[in-house]
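Trainee: Residue numbers (the numbering used here), protein chains in the order written: chain A, 7 to 96; chain B, -3 to 550.
#1: Give me the DSSP bridge partner(s) of residue 556 of chain B.
#2: Rounded C-beta distance between residue 562 of chain B and residue 447 of chain B? I'm assuming under 8 Å.
#3: Do you know offhand how far residue 450 of chain B's Cα is from residue 390 of chain B's?
#4: In the DSSP output, which residue or residues are listed as bridge partners for residue 89 of chain A?
#5: Does DSSP put residue 1 of chain B in a helix, a strand or coil?
#6: Can you give me, in chain order, the residues of the stretch 29 to 43 of chain A that have a beta carbon less than 8 Å from any beta carbon in chain B?
#7: Within the 9 Å Cβ cut-off, does residue 307 of chain B reach chain A?
#8: Taking Cβ-Cβ distances shorter than 9 Å, what residues in chain A pair up with residue 129 of chain B?
#9: Residue 326 of chain B to residue 226 of chain B, Cα distance in whole Å?
#10: Could you work out which residues of chain B lie near residue 70 of chain A, taking near to mean beta carbons separated by less than 9 Å?
#11: Is it true that the CB of residue 385 of chain B sits closer than 9 Å to the CB of residue 428 of chain B?
#12: To which residues of the same chain is residue 541 of chain B closer than 6 Å at the C-beta, ignoring the five residues directly before and after it?
#13: Count the other CB atoms, across all protein chains shown, that sit within 10 Å of the CB of residue 77 of chain A; report buried if there are 16 or more and exposed otherwise.
#14: For a test of the three-state rule: what should DSSP assign to residue 453 of chain B, helix, strand or coil?
#15: Given residue 131 of chain B, which residues of its chain have a CB within under 6 Å of its CB, disregarding the five upstream and five downstream residues?
#16: Between which two residues does the beta strand (DSSP E) carrying residue 250 of chain B extend?
#17: Can you check whether the CB of residue 185 of chain B is closer than 9 Å to the CB of residue 269 of chain B?
#18: Under 9 Å between C-beta atoms, does residue 546 of chain B make it to chain A?
#19: As a quick exercise: from B/120, B/168, B/138, B/169, pick the residue whose alpha carbon is nearest that of residue 156 of chain B.
#20: Cβ closer than 9 Å: which chain A residues qualify as neighbours of residue 126 of chain B?
#21: Got a sec: is the Cβ-Cβ distance from residue 22 of chain A to anything in chain B below 9 Å?
#22: What does residue 371 of chain B reach in chain A if we use C-beta pairs closer than 8 Å?
#23: Quick one: which residues of the stretch 180 to 197 of chain B get their C-beta closer than 7 Å to a C-beta of chain A? List them in chain order.
#24: Does the beta carbon of residue 23 of chain B sit closer than 9 Å to a beta carbon anywhere in chain A?
#25: Counting beta carbon pairs with one atom in the stretch 58 to 78 of chain A and one in the stretch 293 to 303 of chain B, are three or more of them shorter than 8 Å?
#26: Between residue 545 of chain B and residue 537 of chain B, what straight-line distance do the alpha-carbon atoms span, to the nearest angstrom?
#27: Against chain A, does residue 60 of chain B count as a neighbour if the rule is that its beta carbon must be under 9 Å from one of theirs?
#28: Quick check on DSSP: helix, strand or coil for residue 29 of chain A?
#29: Look at residue 252 of chain B and residue 260 of chain B and say whether their C-beta atoms are less than 9 Å apart.
#30: Might you give, ordered along the chain, the residues of its own chain that have their beta carbon closer than 7 Å to the beta carbon of residue 365 of chain B, omitting 5 neighbours on each side?
#31: For a test of the three-state rule: what should DSSP assign to residue 100 of chain B, helix, strand or coil?
#32: Pick helix, strand or coil for residue 46 of chain A, following the three-state DSSP scheme.
#33: Can you give me the Cβ contacts of residue 24 of chain A inside the same chain, cut-off strictly under 7 Å, excluding the 5 residues immediately before and after it?
#34: Count the other CB atoms, across all protein chains shown, that sit within 10 Å of the CB of residue 463 of chain B; report buried if there are 16 or more and exposed otherwise.
#35: Buried or exposed, going by whether 16 or more other CB atoms sit within 10 Å of the CB of residue 35 of chain B?
#36: Which complete beta strand (DSSP E) runs does the stretch 461 to 549 of chain B hold, if anything under 3 residues is left out?
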């Protein structure tokens, strides 16, 4: 049986709190070949900035997803929380 | 004395369009966009009524690509909006700046499954660069300006603005004092010119791999100058055709699945690929891990996400190609490599001495290319005729060859030619189509008739879905499944029904005179060229095969 090595990543995404920004991030994540394992989103209503923590896994390099999310108009920045990155087999 | 009407959302739309230099829009009215069409009645913006919203979207794409402007299309809610989607997806795949305006049901009815309601805002996420839904009239002006800025900024692309009917009708009471620009732009790293120069000066067999990004960056002159100063042999993608001077002795033509033998072999043998505005598309690379196996890569692009996406770059140079490419212009000592490739190019030159009386499609397209006026804009549909046009016609600028590259959308050619002709009324525009493709948006012949748009249509007719038939013959044991179109309509009669002059030719002896007659005709013209249904496009790199293992015949 083929075994695909999946890596787990935790992304911290800072975004303007605009229409459908969360849908955009989830759509890009799925389309670019990353499974979504968990999500947490909070909005600072003062500055209208959202902080989204996304747990994803994929056999693809995480830089591919970071570059695609960074292209979204409402995104201020994306970082990987390396302490949460793991490797597993599926 | 009559009182001036208050400015509504619909009126504001046309004010903003005019501020962005928009003179022409393509669209189709309907219930939820009626206030915008009412405002159009008082506007100086010229509207072209297409006969299907997909036609409007492709005309906007053709307009944008031919003239280097933003194309604008309008559609109503529901089916009008969904009919735009293929055109928007096409624009996204080929990075074309388009602004699509859709009407939406009133905000009070949104989310109630109202008549002609669809969540086009949600549907747009995967087929636009960005999209907006305006639910407050006070946001409309800012959003419309942002739509144009986003469409043109960085890697260009389509933007959709969905405007509910009540917002279109609402009175505008606040105007922007000043425009606010995008805040979240991707910051590009400084170019590593030193490492790139090191790779360049040590290369013995470099190749310049030119993509559609060259035209988009308005860097044709810089790219040709770079090729001239370095002496580097070059190849082009489908969308990059026109960027290189076709008469340059070091230019080897298109690479990839239907590329020239010289171009593909040169890339396979090179030790350095200088990639400008290209993205290692699967139709270019063939089997990816055998593509240019000995080459190091210098990758120029405006889009960070293209770097290392399909092929790792040894050096990435992000940003404005026009500014960055000249930084690497150094003369190279590669005479043996140049001579070898020039010899290979001569050995693989196209031949047009096809036996028999039947018309050989490549020879027709070569004749059209030779006879058409300078700066003619050619559009194509998708299939065999598209590849023959790419192989056998010469273009002196990327804006003179408009083809659906990334999405490969049949039905693109005719409406794109309409848009191109409207944006460049003084240039000849030729749509090269196939008998399968033209039927996909054949209703746009009515648009040609209505506005007497002098588009010339070269219809390569083999009464087949030719490219699919070719693959069925080659890779599916000749099991010809649903590719016969022998019951096509009489295309000459069809053209006549739309008041479009037309002619059918069936013999090679008729070709030159017929092409000249078409080009000399003042108005629209359809030339139906009957060809042998068994003709294939060669060379062909079979699927999942390295590019040097191309087939050249059955």
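Each residue gets a CB set at the ideal place from its N, CA and C atoms; glycine is no exception.
Mentor: Inspection of the coordinates gives the following:
#1: Not covered by the structure: residue 556 of chain B. The range shown for chain B is -3 to 550.
#2: Outside the modelled stretch of chain B, which goes from -3 to 550, sits residue 562 of chain B, for which no answer is possible.
#3: 22 Å
#4: Bridge partners of residue 89 of chain A: none, in fact.
#5: Residue state, collapsed to three classes: coil.
#6: 29, 30, 33, 37
#7: no
#8: 25, 26
#9: Taking the straight line from one Cα to the other gives about 5 Å.
#10: Listed along the chain, the chain B residues whose CB falls inside 9 Å of the CB of residue 70 of chain A are 301, 304, 305.
#11: yes
#12: Only residues of its own chain outside the window of five on either side were considered, and among them 282, 283 have a CB closer than 6 Å to the CB of residue 541 of chain B, listed in chain order.
#13: buried
#14: DSSP, read as helix, strand or coil, puts residue 453 of chain B in strand.
#15: 103
#16: 247 to 250
#17: no
#18: no
#19: B/120
#20: Within 9 Å Cβ-Cβ: 30, 78, 79, 80.
#21: yes
#22: Within chain A, no residue comes near residue 371 of chain B; the closest Cβ sits about 34 Å away, beyond 8 Å.
#23: 180, 182
#24: no
#25: yes
#26: 7 Å
#27: Not flagged as an interface residue toward chain A: residue 60 of chain B, since no C-beta distance is shorter than 9 Å.
#28: Residue 29 of chain A carries a helical assignment under DSSP once its states are collapsed to helix, strand and coil.
#29: yes
#30: 388, 389, 390
#31: strand
#32: It is a strand residue.
#33: Only 80 meet the Cβ criterion.
#34: Per the 10 Å Cβ criterion, buried.
#35: buried
#36: When DSSP assignments are scanned along the stretch 461 to 549 of chain B, the uninterrupted stretches of beta strand (DSSP E) that are 3 or more residues long and fall wholly within it turn out to be 497 to 501, 521 to 526.
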